[in-house]
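Everything below concerns the one structure shown next.
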Amino acid sequence: MIFEYLILRKSSTLYYSIAAGFPPRNAAIEYFRSAAMLCRRRRTYSQSVCHGIRPIGASIQSYASISSLKVPWRRDRNLDQAIENDKPWKLCARLVREVLNEPGQVISLRYLQNRRERLSLPVNVPTFLARNPGLFDTYSDRIRPDSDPVPFLRASVPLRRFLEEENEIYTRNEGFLVSKLCKLLMMSRDRVICADKLFEAKRDFGFPNDFLANLVPRHPELFRLIKPPGSAKSFLQLVSWKDDFARSVIELRAEEESRLTGIRIMPTFNWTLPPGFFIKKEMREWVRDWMELPYISPYADSSRLEQSSREMEKRTVGVFHELLSLSIHKRVPVPVLGKFGEEYRFSNAFPNLFTRHPGVFYVSLKGEIKTAVLREAYEGDRLIDRDPILEIKDRFVELLDEGRRRESEKKKLLKRTIEEDMKFVATRRTMIEDQS
């Protein structure tokens, strides 16, 4: 029976033993050694997992020592590079938003230059625009009727064409966006989230700028914007529960593997460490025990789970895993996640959870901000679990590449024209000298 249970768990103990740093030849030994421990653990945690109530005297001392189990942060160059790769186009997108948010969607070059620091541009605005041509057209206009003409910027024809394509992509994926918004609400404690928090996180989850004004009203059977009496804030409320949406990425993956193999696969986290990363023995043992606790769905009722229990940590890891899976880049700045602490019952020390589970998450320090990254979504520095909304990013990068290509062709043509003119002048000069 023990070995059948381990098979249903996809041999997670053997898988973890190798990933956590056990030599491959000892992995099998660890696999069978854990079988004897498994019976005791199943008796110990069966009631506490189902009801969130720990049996008297069970595992209290074991869990109390978690705070003393420290996992040192180690840089993952591949995942840091993945964030760095997105920096150029994100700076361009930030500049585009700045211009489009202006009245009439135009702005003087001087005013934009004054905002350089806020936009985090590495160079002056004219230099940045020269490096990323094709986004804007430049024209002269007066700021005041009695002032001299100054350069202004407005969206170029290719940029406006891209904006139309962006709207088409959002329209085509509206059903996907609706399901994502439902999932965010269904994981929350009261099925209600502050609208301001969702708006601030819209780009991380791929929602359009006007999703609260346009997307939400089109689905009154699912969403309702409410404003409690005496409150200055609006909240987005889930109107009806959708069972089809109440399955996490991990649960869907287990169902698919069960269908393909014909064997019931239990939901579990993919726990892998990058090459050269090892953790101490006591931490390996703790994670192994923790991994073998039954998976708790982030959509399940967690009101009966104790905040300091191992089961609650299992559930919280599941919530973070699902949130990162719903994000378009499978990574979200830690401060953005922290905004939802009340809705998702995060403790004040929730950032420590990412470093305590380095096989599931990675915390990048790129850009002077902590960013939680889902390891399984990346292969090296390449995102392999792609969100459909990322098509917008692909089109925008194509727009930038096309602008640089056209500018390069203009420079080559100008250089060739100058060379031909110089050659013509030299030939004429030679002819005149010969005649004289």
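Each residue of the sequence shown is one higher than the one before, counting from 3 in this note's numbering. Virtual Cβ for every residue (Gly too), placed ideally from N, Cα, C.
Give the straight-line distance between the Cα atoms of residue 272 and residue 289, rounded to the nearest whole angstrom.
Walking along the sequence shown from the start, residue 272 turns up at place 270. Walking along the sequence shown from the start, residue 289 turns up at place 287. When rounded, the distance between both Cα atoms is 12 Å.
Can you tell me whether DSSP reads residue 111 as helix, strand or coil?
One-based indexing of the sequence shown puts residue 111 at position 109. The answer is helix: DSSP assigns residue 111 an H, G or I state.
With C-beta atoms as the reference, is residue 339 less than 8 Å away from residue 333?
For this step, residue 339 is matched to residue 337 along the sequence shown. For this step, residue 333 is matched to residue 331 along the sequence shown. Their beta carbons are not under 8 Å apart, which means residue 339 does not touch residue 333 by this criterion.
Of the choices 207, 263, 385 and 321, whose alpha-carbon is the least far from that of residue 356?
Taking the sequence shown and counting its residues from 1, the one referred to as residue 356 is at position 354. The candidate whose alpha carbon is nearest that of residue 356 is 321.
Is the beta carbon of residue 197 closer than 8 Å to that of residue 227?
On the sequence shown, residue 227 is found 225 positions in, with the first residue counted as 1. On the sequence shown, residue 197 is found 195 positions in, with the first residue counted as 1. Result yes, Cβ atoms of residue 227 and residue 197 sit closer than 8 Å.
How big is the Cα-Cα spacing for residue 341 and residue 307?
In the sequence shown, counting from the first residue as 1, residue 341 sits at position 339. In the sequence shown, counting from the first residue as 1, residue 307 sits at position 305. Near 22 Å, if we compare the C-alpha coordinates of residue 307 and residue 341.
Within the continuous beta strand (DSSP E) that includes residue 140, where are the two ends?
Numbered from its first residue, the sequence shown carries residue 140 at position 138. Segment 138-144, the beta strand (DSSP E) holding residue 140.
Can you check whether the CB of residue 394 is closer than 8 Å to the CB of residue 168?
Position 166 of the sequence shown holds residue 168. Position 392 of the sequence shown holds residue 394. In this structure, residue 394 lies closer than 8 Å to residue 168 by Cβ.
For residue 424, count neighbouring Cβ atoms within 10 angstroms of its own Cβ and tell me buried if that reaches 16, exposed if not.
On the sequence shown, position 422 is the one that residue 424 refers to. Exposed, by the Cβ-count rule.
Return the bridge partner residues of residue 371 from the DSSP annotation.
Taking the sequence shown and counting its residues from 1, the one referred to as residue 371 is at position 369. In the DSSP output, where bridge partners are listed per residue, residue 371 has none listed.
Verify the contact flag: residue 419, CB atom, against every heavy atom of the ligand SAM, threshold strictly below 7 Å.
Among the components modelled here there is no ligand, and therefore nothing to report on the ligand SAM.
Spatially closest choice to residue 143 from 151, 137 and 426, by CA coordinates:
Reading the sequence shown from its first residue, position 141 is the one you call residue 143. Comparing Cα-Cα distances from residue 143 to each of 151, 137 and 426, the minimum goes to 151.
With a cut-off of 8 Å, do at least 3 Cβ pairs link the stretch 375-383 to the stretch 89-104?
no
In terms of residues, what are the limits of the alpha helix (DSSP H) holding residue 238?
Here the question's residue 238 lines up with position 236 in the sequence shown. Here residue 238 belongs to no alpha helix (DSSP H); instead the beta strand (DSSP E) covers 237-240.
How about the stretch 184-192 and the stretch 237-247: do they share at least three Cβ pairs that are nearer than 8 Å?
yes
Out of 252, 358 and 255, point me to the one whose CA is closest to residue 285's CA.
If you number the sequence shown from 1, residue 285 lands on position 283. When each option's Cα is compared against that of residue 285, the closest is 358.
Starting from residue 380, follow its DSSP beta bridges and name the residues at the other end.
Along the sequence shown, one-based indexing puts residue 380 at 378. Beta-bridge pairing links residue 380 to 385.
The alpha helix (DSSP H) spanning residue 228 covers which residue range?
In the sequence shown, counting from the first residue as 1, residue 228 sits at position 226. Run containing residue 228: none in the alpha helix (DSSP H); it sits in the beta strand (DSSP E), 225-228.
Per DSSP, cross-strand counterpart(s) of residue 76:
Position 74 of the sequence shown holds residue 76. Beta-bridge pairing links residue 76 to no other residue.
I'd like the ranges of any alpha helix (DSSP H) spanning at least 4 consecutive residues and lying wholly in the stretch 310-367.
312-328, 336-340, 343-346 and 353-358
Assigned secondary structure, residue 275 (DSSP; H/G/I helix, E/B strand, else coil):
The sequence position of residue 275 within the sequence shown is 273, counting from 1. Here residue 275 sits in coil by DSSP.
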